[in-house]
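Worksheet: one structure, shown below.
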Amino acid sequence: MKPKTMVLMVVAVGCGLAASYMTSKLLADRREQPPAEEKIKLLVSKTRVPKNTVLKDPEKFFEVKERNKSDEPKEKYFTEFVQLKDKRLKKELKPEVHVSPEDLQDRTTSTLDVPPGYGGFGLKVTAASLAGGYVWPGDKVDIILTTRTGKANARTVLRDVLVLAVGDKIIREAESASLQANTVSVALLPDDAAKIRVAESLGELSLWLHGSDEVVTHGSKVITEDDILRPGQAEPKETPAVVAKPEPEKPLPGLTLPEVEQIAAAQKKPKQELVEEEPVKKPNWTLTIYPGFDPPIQQHYYDGPEGGIVRDDSDPAAAAKKDKKDKKKAENP
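For reference, each letter of the sequence shown is one residue, going -14 to 318 in the working numbering.
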């Protein structure tokens, strides 16, 4: 067998062994990987959802989340928003909690539970004080007191009061219909019930109906008849200060026009001409002499206009002394 053939056989066998090893390793890795765990979808709360909340828009309070099949709740749960629409919560839900059928009740066929610590309290109402008949069980209202002793005024006595029943109706019926009744049952604390009894003796009570599940910003202002008779009074505006313009100078009486012109010309001050200062010329060389403990002496040298060097000393006495010495040297060489 030729050597070349032997080499090719060895290479082929090596490649086959390597491919077999890689294939077996890949299959082993796949067997070791656990299968993907099955997922489930369910509705959980985004934020805290208060008790007795009517879920007209479930998307505002809940969202769809995936969880492992092993974490599936034991009780039933909801997967679609339409399953929660127009339901009422029987208990408060905290964030990241799934909602189950036991947490809900039908908005139109279920009676309301009285909150713990509260009791049922009856109020006499009319069609006008009952918001025109649009108050139903489960709604939230504010109780407003109107008095007419002295100056007429109105104020809010209680806020966010839960309506338990209207007349003999304890469940909500068709929302398009109005409900007429002479009494309304509301949930109140004992102290609030006593406050309402006193308020009934002072004037007329009426109910202000909240919107569905809305957050109401309450005010504490007492409205009087002055607010009605003089509405929209604004604070007096500040008048801007008026600065008087200087009056033009008038000619003195008894003087002719030429005399007035002469006086005005004399009063005018002639303009002073600005004298330009010559720029300070910088020296070309500076020689500093340190005479012992005496202060140093500086001598400045400039290029002369006709050639040569011109000296300008900052110490005139030293300059005069040096000139005298140079003169003696010139006379006695």
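Idealized CB from N, CA, C, for every residue including glycine.
With H, G and I counted as helix, E and B as strand and the rest as coil, what does DSSP make of Thr8? helix
Answer yes if the segment 58 to 66 comes into contact with the segment 5 to 12, meaning at least three C-beta pairs across the two stretches below 8 Å, and no otherwise. no
Go to Ile213, then tell me how far its alpha helix (DSSP H) extends in each direction, as first and last residue. 210 to 214
Val169 - containing beta strand (DSSP E), residue span: 168 to 173
Per DSSP, which residues does Ile155 bridge with? Please list them. Answer is none; Ile155 lacks a bridge partner.
By DSSP, does Asp288 sit in helix, in strand, or in coil? strand
Which one of Glu185, Glu22, Pro101 has the shortest CA to CA distance from Glu51? Glu22
Could you give the uninterrupted runs of the beta strand (DSSP E) lying entirely in the segment 41 to 103, keeping only those of 3 residues or more? 47 to 53, 72 to 74, 89 to 91
What does a CB cutoff of less than 6 Å around Pro281 pick up in its chain, not counting 5 residues either side in sequence? Thr273, Tyr275
Candidates Leu149, Gly293, Lys45: closest to Ala172 by CA position: Leu149
Going by DSSP, which residues form a beta bridge with Lys125? Leu147
In terms of residue numbering, what span does the beta strand (DSSP E) encompassing Leu325 cover? Here the chain covers residues -14 to 318 and nothing more, so residue 325 does not appear.
As assigned by DSSP and simplified to three states, the class of Thr271: strand
Pick out whichever of Glu48, Gly105, Val(-8) has its Cα sitting closest to the Cα of Ile155. Gly105
Contact defined as beta carbons within less than 8 Å: I believe Val49 pairs with Lys72. What is the distance between those atoms, to the nearest angstrom? With a Cβ gap of about 17 Å, Val49 and Lys72 do not count as contacting.
Helix, strand or coil at Leu(-7) according to DSSP, with G and I counted as helix: helix
Name the DSSP bridge partner or partners of Arg296? Tyr286
Does the Cβ of Lys319 have 16 or more other Cβ atoms within 10 Å, making it buried, or fewer, making it exposed? What the structure shows of the chain is the stretch from -14 to 318, and residue 319 is not part of that stretch, so it cannot be assessed.
Which residue or residues does DSSP assign as beta-bridge partners of Asn138? Thr132, Thr209
Check whether the segment 182 to 194 and the segment 108 to 123 touch, using three or more Cβ-Cβ pairs below 8 Å as the test. yes
Roughly how far, in whole angstroms, is the beta-carbon of Asn37 from the beta-carbon of Leu130, given that I think they are within contact range, below 8 Å? Not quite, the Cβ-Cβ distance comes to about 25 Å (not below 8 Å), so this is no contact.
Residue from Gly(-1), Pro86, Thr271, Ile208 with nearest C-alpha to Lys325: Because residue 325 is not part of the residues shown, which for the chain are -14 to 318, the question remains open.
Only counting the same chain, and skipping five residues up and downstream in sequence, which positions put a Cβ closer than 6 Å to that of Lys24? Glu51
So Gln165 and Gly118 are supposed to be a Cβ contact under 8 Å. How far apart are they, rounded? 5 Å
Give me the Cβ distance between Val29 and Leu74, rounded to the nearest whole Å; I'm assuming they're in contact under 8 Å. That pair is no contact at about 14 Å.
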